[in-house]
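Asker:
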Amino acid sequence: MDDLKAKYLGQIAEAADEAAIEAIRLAAVGKKGEVALKMRELGKMTPEERQTAGPALNELKDEINSALAAKKAALADAALDERLRSEWLDVTLPARNRRQGTLHPISQAREELTAIFAEMGFSVAEGPRIDTDWYNFDALNIPGHHPARAEMDTFYMHRAEGDNRPPHVLRTHTSPVQIRSMEKMGAPLRVICPGGVYRADYDQTHTPMFHQVEGLALDRDISMANLKWTLEEFVKAFFEVDDVELRFRASHFPFTEPSAEVDIRCSWEGGQLKIGEGDDWLEILGSGMVHPKVIAAGGIDPDVYQGFAFGIGIDRLAMLKYGIPDLRAFFDSDLRWLRHYGFAALDMPNLHGGLSR
Ligand code: PHE
0 MDDLKAKYLG
10 QIAEAADEAA
20 IEAIRLAAVG
30 KKGEVALKMR
40 ELGKMTPEER
50 QTAGPALNEL
60 KDEINSALAA
70 KKAALADAAL
80 DERLRSEWLD
90 VTLPARNRRQ
100 GTLHPISQAR
110 EELTAIFAEM
120 GFSVAEGPRI
130 DTDWYNFDAL
140 NIPGHHPARA
150 EMDTFYMHRA
160 EGDNRPPHVL
170 RTHTSPVQIR
180 SMEKMGAPLR
190 VICPGGVYRA
200 DYDQTHTPMF
210 HQVEGLALDR
220 DISMANLKWT
230 LEEFVKAFFE
240 VDDVELRFRA
250 SHFPFTEPSA
260 EVDIRCSWEG
270 GQLKIGEGDD
280 WLEILGSGMV
290 HPKVIAAGGI
300 DPDVYQGFAF
310 GIGIDRLAML
320 KYGIPDLRAF
330 FDSDLRWLRH
340 YGFAALDMPN
350 LHGGLSR
């Protein structure tokens, strides 16, 4: 028995890991281990022999078990010490220099144009991007059969069979906010409504989601001349120049009469987009005198109030101002591009401080 004890205690002292401990346990005190075999031999002994051998074997078993437990605990302690040593952190090191986020050029353009219109006395209104087809079309004098509905490449929200709620669309323009603003605020009224809009369209100057800012001014004596002045002043302030060449084209929208589209002179040479030079024109907005039916749909008396409305493409303005030739780059989420074109987040644009400095 002394031999057994010496053998196993020796092995335990040498064991290097938990697997070795377990192997020793099985060999020594497991069900088929050496000590168990010896216990089975007790039956063949004389009662006197048994009286000394039995307790001695039990004692041996206990001794081996506690040696195993002690060794196991020691190994766990050593493993923890080793981990603490290797995973050591110097919490006194200075923090890593993090780059601050920047404003996306479209957010910047939106801030800038909001500042300009705010100085002209326009307040900001917002509406939902998912809207009913009544706000997006009917109230704007675009009835169900009107070709403008098809032309707009509208995204319709799916409706389950038997769902009778009014149809919803991803708004195709910010013009529905004209109606919502009239309903909420009445006349006289001067608002701009910036926000995201959606159309199924995709190329260098079209993306399925883009941004517009709607403008609406209603009063007793507003005319087309006020519209033209407002747009010219806006464009000069936005591009931070004394003069910009604009082209007013007679056009047609169901919700304005008369209507005009406005283009800005530009060039696309060598993959570079430049404003104010060249032989190309980029359309940036639609506008006109608000149709009496639209004023009535907004709950206002068209015999008393009249006014102008416009819808400007914010993304196109940003392309022109910052020389970005492909609209799709705005939405690629390329970090290098965003760092290059991003604006300091805390510089709020205003007219006296310089819009984009
Ligand atoms: N809603 C028009 C469009 O998206 C633009 C527009 C707005 C035209 C207001 C006239 C008046 O194309």
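Oh and the sequence shown: position 349 is 348 in numbering that gives the first Met the number 0, straight run, nothing missing.
All C-beta atoms, glycine included, are put in the ideal place defined by N, C-alpha and C.
From the DSSP secondary-structure annotation, give me the bridge partner or partners of residue 252.
Answerer: In the sequence shown, counting from the first residue as 1, residue 252 sits at position 253. In DSSP, residue 252 forms a bridge with 255.
Asker: Do residue 194 and residue 128 have their beta-carbon atoms positioned less than 8 Å apart in this structure?
Answerer: Here residue 128 refers to the residue found at position 129 when the sequence shown is read from its first residue. Here residue 194 refers to the residue found at position 195 when the sequence shown is read from its first residue. Contact: yes.
Asker: Which residue's Cα is closest to the Cα of residue 176: 343, 136 and 256?
Answerer: Position 177 of the sequence shown holds residue 176. Between residue 176 and the set 343, 136 and 256, the nearest pair of CA atoms involves 136.
Asker: On the three-state DSSP scale, how would you describe residue 182?
Answerer: Translated into positions along the sequence shown, residue 182 becomes position 183. Residue state, collapsed to three classes: helix.
Asker: If you measure between the beta carbons of residue 196 and residue 167, is that distance less than 8 Å?
Answerer: Position 197 of the sequence shown, counted from the first residue, corresponds to residue 196. Position 168 of the sequence shown, counted from the first residue, corresponds to residue 167. Not in contact: residue 196 and residue 167 (Cβ atoms no closer than 8 Å).
Asker: Hey, is residue 249 close to the ligand PHE, as in C-beta under 7 Å from one of its heavy atoms?
Answerer: Along the sequence shown, one-based indexing puts residue 249 at 250. No, Cβ of residue 249 sits at least 7 Å from all heavy atoms of the ligand PHE.
Asker: Counting only runs of 4+ residues fully inside the region 147 to 216, write out the alpha helix (DSSP H) ranges in chain order.
Answerer: 175 to 184
Asker: What is the residue span of the alpha helix (DSSP H) that residue 9 lies within?
Answerer: Counting from 1 along the sequence shown, the entry for residue 9 is found at position 10. First-last of the alpha helix (DSSP H) with residue 9: 1 to 13.
Asker: Cβ of residue 250 within 8 Å of Cβ of residue 239?
Answerer: The count along the sequence shown starts at 1 and reaches residue 250 at position 251. The count along the sequence shown starts at 1 and reaches residue 239 at position 240. Cβ atoms of residue 250 and residue 239: not closer than 8 Å.
Asker: Any heavy atom of the ligand PHE closer than 7 Å to the CB of residue 136?
Answerer: Along the sequence shown, read from residue 1 onward, the residue named residue 136 stands at position 137. False, no ligand heavy atom lies under 7 Å from that Cβ.
Asker: Any idea which residues DSSP pairs residue 218 with across the strands?
Answerer: The residue given as residue 218 occupies position 219 in the sequence shown. 305.
Asker: Would residue 243 and residue 275 be called neighbours here (beta carbons separated by less than 8 Å)?
Answerer: As a position in the sequence shown, residue 243 is number 244, starting the count at 1. As a position in the sequence shown, residue 275 is number 276, starting the count at 1. The Cβ atoms of residue 243 and residue 275 lie closer than 8 Å to each other.
Asker: What number of angstroms, rounded off, separates the C-alpha of residue 336 from the C-alpha of residue 328?
Answerer: As a first step, residue 336 is located in the sequence shown; it is residue number 337 there, counting from the start. As a first step, residue 328 is located in the sequence shown; it is residue number 329 there, counting from the start. Taking the straight line from one Cα to the other gives about 8 Å.
Asker: How should residue 286 be labelled, buried or exposed, when 16 other C-beta atoms within 10 angstroms of its C-beta is the threshold for buried?
Answerer: For the purposes of this step, residue 286 is taken as the residue at position 287 of the sequence shown. Buried, since its Cβ has 16 or more Cβ neighbours within 10 Å.
Asker: Within the present structure, is the beta-carbon of residue 106 separated from the nearest heavy atom of the ligand PHE by less than 7 Å?
Answerer: Along the sequence shown, one-based indexing puts residue 106 at 107. At a threshold of 7 Å, residue 106 does not count as near the ligand PHE, since its beta carbon sits no closer than that to any of the ligand's heavy atoms.
Asker: Please report the residue range of the beta strand (DSSP E) in which residue 67 lies.
Answerer: The residue given as residue 67 occupies position 68 in the sequence shown. Unbroken run through residue 67 is the alpha helix (DSSP H), 46 to 85; no beta strand (DSSP E).
Asker: If you check the beta carbons only, do residue 188 and residue 180 fall under 8 Å apart?
Answerer: By 1-based counting over the sequence shown, the position of residue 188 is 189. By 1-based counting over the sequence shown, the position of residue 180 is 181. Yes, the Cβ-Cβ distance between residue 188 and residue 180 is below 8 Å.
Asker: For residue 192, which residues in the same chain have their Cβ closer than 6 Å to its Cβ, ignoring the five residues on either side in sequence?
Answerer: Counted from its first residue, the sequence shown places residue 192 at position 193. Around residue 192: 124, 173, 176 and 213.
Asker: Is residue 287 a contact residue of the ligand PHE, with contact defined as CB to any heavy atom under 7 Å?
Answerer: On the sequence shown, residue 287 is found 288 positions in, with the first residue counted as 1. For the ligand PHE, at least one heavy atom lies less than 7 Å from the Cβ of residue 287.
Asker: Determine the extent of the alpha helix (DSSP H) in which residue 223 is found, giving its start and end residues.
Answerer: In the sequence shown, counting from the first residue as 1, residue 223 sits at position 224. For residue 223, the enclosing alpha helix (DSSP H) starts and ends at 223 to 238.
Asker: Does the contact criterion of 3 or more C-beta pairs under 8 Å hold for the region 8 to 16 versus the region 58 to 78?
Answerer: Contact holds: three or more Cβ-Cβ distances are below 8 Å.
Asker: Confirm the yes/no value for this check: CB of residue 271, any heavy atom of the ligand PHE, distance under 7 Å.
Answerer: Counted from its first residue, the sequence shown places residue 271 at position 272. Residue 271: no, Cβ never under 7 Å from the ligand PHE.
Asker: What three-state label does DSSP hand residue 347 in the structure shown?
Answerer: Position 348 of the sequence shown, counting from 1, holds the residue named residue 347. Reduced to three states, the DSSP call for residue 347 is coil.
Asker: Along the chain, where does the alpha helix (DSSP H) containing residue 34 start, and where does it finish?
Answerer: Stepping through the sequence shown from its first residue, residue 34 is reached at position 35. Its alpha helix (DSSP H) spans residues 33 to 40.
Asker: Who are the near neighbours of residue 182 in its chain, counting only those whose CB is closer than 8 Å to its CB and skipping five residues on each side?
Answerer: One-based indexing of the sequence shown puts residue 182 at position 183. The residues are 297 and 298.
Asker: Does any heavy atom of the ligand PHE sit closer than 7 Å to the C-beta of residue 180?
Answerer: Working through the sequence shown from its first residue, we reach residue 180 at position 181. Not one heavy atom of the ligand PHE lies closer than 7 Å to the C-beta of residue 180.
Asker: Is it right to say residue 241 is buried, meaning 16 or more other beta carbons lie within 10 angstroms of its own, or is it exposed?
Answerer: Against the sequence shown, residue 241 aligns to sequence position 242. With fewer than 16 Cβ atoms within 10 Å of its Cβ, residue 241 is classed as exposed.
Asker: Candidates 288, 15, 122 and 354: which alpha carbon is nearest residue 76's?
Answerer: Working through the sequence shown from its first residue, we reach residue 76 at position 77. The shortest Cα separation from residue 76 among 288, 15, 122 and 354 belongs to 15.
Asker: Below 8 Å CB to CB, which residues in the same chain sit around residue 280 once its five sequence neighbours on both sides are set aside?
Answerer: Translated into the one-based positions of the sequence shown, residue 280 becomes position 281. These residues qualify, in order along the chain: 246, 262, 263, 264 and 265.
Asker: Where does the unbroken beta strand (DSSP E) through residue 332 begin, and where does it stop?
Answerer: Counting from 1 along the sequence shown, the entry for residue 332 is found at position 333. Unbroken run through residue 332: none, as it is neither H nor E.
Asker: Going by alpha carbons, who is nearest to residue 348 out of 104, 91 and 45?
Answerer: On the sequence shown, position 349 is the one that residue 348 refers to. The shortest C-alpha separation from residue 348 is found at 104.
Asker: The alpha helix (DSSP H) with residue 125 in it runs from where to where?
Answerer: Taking the first residue of the sequence shown as 1, we reach residue 125 at position 126. Unbroken run through residue 125: none, as it is neither H nor E.
Asker: Let me check you understand the geometry: is the CB of residue 204 closer than 7 Å to at least one non-hydrogen atom of the ligand PHE?
Answerer: Counting from 1 along the sequence shown, the entry for residue 204 is found at position 205. No - the ligand PHE has no heavy atom lying nearer than 7 Å to the Cβ of residue 204.
Asker: Using DSSP bridges, identify the partner residues of residue 102.
Answerer: Walking along the sequence shown from the start, residue 102 turns up at place 103. DSSP, once it has assigned bridges, lists 342 as partnering residue 102.
Asker: Along the chain, where does the beta strand (DSSP E) that runs through residue 282 open and close?
Answerer: As a position in the sequence shown, residue 282 is number 283, starting the count at 1. That run of the beta strand (DSSP E) goes 279 to 289.
Asker: The ligand PHE and residue 305: does any heavy atom of the ligand fall closer than 7 Å to the residue's C-beta?
Answerer: Position 306 of the sequence shown, counting from 1, holds the residue named residue 305. The answer is no for residue 305.
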